[in-house]
Every structure is written in structure tokens, then in C-alpha cells.
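Right, one structure below, let's go through it.
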Amino acid sequence: MENKYNVMILPASGGIIAQTVPGDDGPNFKDIKEMLGIKMIEITGATMGGKDYDLYFDEEGRMVNNAIINDSATIFFLAWLAKEGRTTMIPNIVGNAALVQREPVNVK
Numbered sequence: 004m005e006n007k008y009n010v011m012i013l014p015a016s017g018g019i020i021a022q023t024v025p026g027d028d029g030p031n032f033k034d035i036k037e038m039l040g041i042k043m044i045e046i047t048g049a050t051m052g053g054k055d056y057d058l059y060f061d062e063e064g065r066m067v068n069n070a071i072i073n074d075s076a077t078i079f080f081l082a083w084l085a086k087e088g089r090t091t092m093i094p095n096i097v098g099n100a101a102l103v104q105r106e107p108v109n110v111k
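This is the structure in C-alpha cells:
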């Protein structure tokens with residue numbers, strides 16, 4: 004049986020769009036890439052409301068001219084870095100991103 008995962012799309016323009024995405028051991032990358040409008044996924048961590056998520060975003064996003072910083076994704080990424088005691092040289096996320104719940108949801 005295919006699992007389903009809760010995914011929150013974070014458009015660079017703001018807001019949150021809740022989705023449920025099928026997949027075996029995580030949401031299907033093809034679906035996520037289409038939702039985000041990207042070709043390659045980079046995965047890191049994010050913390051929102053004290054809960055950890057996987058953060059999916061455009062691996063090539065910083066190479067795009069006039070890339071838009073995603074304020075929400077950046078805040079959640081920085082919260083995760085602080086929680087983990089980590090740092091980064093480039094402390095922002097650009098373009099559309101997705102917060103992915105790590106555990107599958109039982110959909111009946």
C-alpha cells in the first residue's frame with residue numbers, strides 16, 4: 004500500500020498550501036517537483052511550531068537571476084539550524100519550498 008504524506012507548500016510569494024502527496028518512503032519527488040516548479044530537490048531540516056520537518060527546495064535556486072528569498076522557509080530553516088546547533092554560510096532559502104511531515108499519514 005502506498006503511503007501518503009502531509010506537505011505544506013511555501014510559495015516564495017507567501018502563504019501556505021496544504022497538500023497530501025503519495026509516496027513509498029516519502030512523498031513522490033515527481034509530484035513535489037511539479038508543485039514547486041523545480042527540476043532538482045535539495046532536502047534539509049526545518050522547525051515550525053516546535054516540530055521538525057524535512058524542507059524540500061530548489062537545489063539550483065540560487066543560480067537563478069533575481070531569485071526571491073522565501074521568508075517563511077528561511078525562518079523555519081534558521082529555527083532548525085539553531086535547534087541543532089548548526090550554522091550555514093548562506094542563511095536563506097530561495098524560491099518555492101515545501102515542509103514535509105516525516106511520518107506517513109494513514110488515509111482511509
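Mapping to my numbering: the sequence shown position 58 is 61, numbers consecutive. All residues carry an ideal CB built from backbone N, CA and C; glycine is no exception.
Helix, strand or coil: how does DSSP classify residue i here?
i     : result
Thr77 : helix
Asp61 : strand
Met38 : helix
Glu45 : strand
Can you grab the Cα-Cα spacing for the pair residue i / residue j, in whole Å?
i      : j      : result
Arg105 : Asn68  : 32 Å
Asn109 : Ala49  : 23 Å
Ala85  : Glu45  : 19 Å
Met11  : Gly26  : 15 Å
Gly17  : Ala100 : 11 Å
Arg89  : Glu5   : 34 Å
Ile71  : Thr23  : 26 Å
Asn31  : Met66  : 25 Å
Is residue i near residue j, with beta carbons less than 8 Å apart?
i      : j      : result
Thr77  : Ile96  : yes
Gly124 : Tyr8   : The chain is shown from 4 up to 111; residue 124 falls before or after that span and cannot be answered.
Met38  : Asp61  : no
Leu13  : Leu102 : yes
Which one or two residues does DSSP pair with residue i in a beta bridge?
i     : result
Met11 : Ala21, Leu102
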